[in-house]
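Peer 1:
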Amino acid sequence: MRSLAGLAATVAAASVYLYVLSTHLPPADEHLPPSSLRFPSDLDELRELAEMLKFYKQEHHGYVLLLFCSAYLYKQSFAIPGSSFLNMLAGAIFGPWEGLALACLLTTTGSTFCYLLSSTFGKQHVVRIFPDKVALLQRKVEENRSSLFFFLLFLRFFPMTPNWFLNITCPVLNIPISIFFFSVFIGLIPYNFICVRTGAILSEIHSLDDIFSWATLAQLLAIALAALVPGALIKRYGQTHLKVKDMDGTQYGNRKRQ
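Just so we're on the same page, this note's numbering is the position in the sequence shown counted from 1, plus 1.
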């Protein structure tokens, strides 16, 4: 009960902080009312919020940056779905490269916070709520202990297990935080790149002609390569070096010869 109370207090404090930050905005144009600041749930809300924050950023860049980072870390730390929308929002507000740097940094930091929260408050609850999944992942970690870093990279590239579940389970599996940190940072670069570039493209499209421009098509090609090339390399490595058979119904690596 003490661990649950500590976690609840942490969530409550973070929620109050984010609420105060989002409702006490510095003076700005009337086009940005406080009630408009909420997590986007679809592309229309994403586009609307991006336009508002881009306008607001012209005079209050530091505040928008603080608000975005706080909201991102809130979602990642407490394993709340929706990081793809925030990655796209990063691309729309800050541009493709600053947005990518922010997404990679915040994804890694937020996931590490989630790891620490699970280690401090929730290890026994994770095992109690997900006994079978934890047991399966524990077995696969032990089988791949000699290639643990690449095994974790493989799981980030091919999410047989959701990222949020890996974040809360790694402390239970005694995975060192340094290996966890760098596997998240490197393993999610392609995913972050795809989302951020998509957000940047969405913010630039104002008509059908923009969709079929050479610049847009080149960016879409870059996104496709970012998705396919690293994944193909990691998959090839996994087929020969890793044991991930029976994870989520997929079989890779160390297959028996027929």
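Where a beta carbon is used, it is the ideal one built from N, C-alpha and C, also for glycine.
From which residue to which residue does the alpha helix (DSSP H) around Gly83 run?
Peer 2: By 1-based counting over the sequence shown, the position of residue 83 is 82. No alpha helix (DSSP H) contains Gly83, which DSSP labels as neither H nor E.
Peer 1: Looking at C-alpha atoms only, which residue of Asp133, Asn168, Lys134 and Leu189 is the closest neighbour of Phe159?
Peer 2: Here residue 159 is taken as the residue at index 158 of the sequence shown, counted from 1. Of the candidates Asp133, Asn168, Lys134 and Leu189, the one whose C-alpha sits nearest the C-alpha of Phe159 is Leu189.
Peer 1: Would you kindly work out how many angstroms separate the C-alpha atoms of Thr170 and Arg198, rounded to a whole number?
Peer 2: Position 169 of the sequence shown, counted from the first residue, corresponds to residue 170. Position 197 of the sequence shown, counted from the first residue, corresponds to residue 198. Looking at the two C-alpha atoms, the distance is approximately 30 Å.
Peer 1: Quick check on Leu26: does DSSP put it in helix, strand or coil?
Peer 2: Reading the sequence shown from its first residue, position 25 is the one you call residue 26. Leu26 falls in the coil class under three-state DSSP.
Peer 1: Roughly how many whole angstroms lie between the Cα atoms of Tyr73 and Ser119?
Peer 2: On the sequence shown, residue 73 is found 72 positions in, with the first residue counted as 1. On the sequence shown, residue 119 is found 118 positions in, with the first residue counted as 1. The C-alpha of Ser119 is placed about 18 Å away from the C-alpha of Tyr73.
Peer 1: If I'm right that Tyr64 touches Pro27 with Cβ under 8 Å, what's the distance once you round it to whole angstroms?
Peer 2: As a working mapping, residue 64 is identified with position 63 in the sequence shown. As a working mapping, residue 27 is identified with position 26 in the sequence shown. Between Pro27 and Tyr64 the Cβ distance is about 6 Å, and since that is below 8 Å, they are a contact.
Peer 1: Report the three-state DSSP secondary structure of Asn175 (helix, strand or coil).
Peer 2: Locating residue 175 in the sequence shown gives position 174, where the first residue counts as 1. In the structure shown, Asn175 sits in coil (DSSP, three-state: anything other than H, G, I, E or B).
Peer 1: Taking the alpha helix (DSSP H) that Pro132 belongs to, which residues open and close that run?
Peer 2: In the sequence shown, counting from the first residue as 1, residue 132 sits at position 131. DSSP places Pro132 in the uninterrupted alpha helix (DSSP H) bounded by Pro132 to Glu144.
Peer 1: Identify whether Arg1 lies in helix, strand or coil by the three-state DSSP scheme.
Peer 2: In this structure the chain extends from 2 to 259, so residue 1 is not present and cannot be described.
Peer 1: Kindly list the residues whose CB is nearer than 6 Å to the CB of Phe122, restricted to its own chain and excluding five residues on each side of it in sequence; keep chain order.
Peer 2: By 1-based counting over the sequence shown, the position of residue 122 is 121. Excluding sequence neighbours, Phe122 sits near Ser4, Gly7 and Leu8.
Peer 1: Looking at the secondary structure, which residues open and close the alpha helix (DSSP H) in which Pro163 lies?
Peer 2: Taking the first residue of the sequence shown as 1, we reach residue 163 at position 162. For Pro163, no alpha helix (DSSP H) encloses it, and the DSSP letter there is neither H nor E.
Peer 1: Going by the CB atoms, is the gap between Asn193 and Ala104 shorter than 8 Å?
Peer 2: Locating residue 104 in the sequence shown gives position 103, counting from the first residue. Locating residue 193 in the sequence shown gives position 192, counting from the first residue. Yes, they are a contact pair.
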